[in-house]
Amino acid sequence: MNSTTDLLTRITQTPGQCGGRPCIRGMRIRVTDILEMLAENVSVAEILEDFPDLELADIQACLLLAARIPPLLR
0 MNSTTDLLTR ITQTPGQCGG RPCIRGMRIR VTDILEMLAE NVSVAEILED
50 FPDLELADIQ ACLLLAARIP PLLR
């Protein structure tokens, strides 16, 4: 199992790439894209099939990042 720190290193932000939004390992796959797919009930297996460059740990990193972002509404 990956540590929290290891997982978060999979998330990158590069000015000029995807509007500077968080992406996965420097690829043009935004964290928000993965989170939206999960929210729409797309399974992890389907996401990994649609994005063969992704690994399970990448999806776990997206979820971890989402859990750490302060809630917009309380």
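Per numbering that gives the first Met the number 0, the very first residue in the sequence shown carries number 0; after that it's consecutive. Yeah, the Cβ is synthetic: ideal placement off N, Cα and C, and Gly gets one too.
Alpha-carbon spacing of residue i relative to residue j, whole angstroms
i	j	result
residue 38	residue 65	12 Å
residue 49	residue 59	16 Å
residue 19	residue 32	14 Å
Supposed close pair residue i, residue j - CB separation, criterion 8 Å
i	j	result
residue 46	residue 30	Not a contact, Cβ separation roughly 12 Å.
residue 24	residue 57	7 Å
residue 63	residue 7	6 Å
Length-filtered (4 minimum) alpha helix (DSSP H) runs lying within the segment 2-64 = 3-7, 30-38 and 43-49
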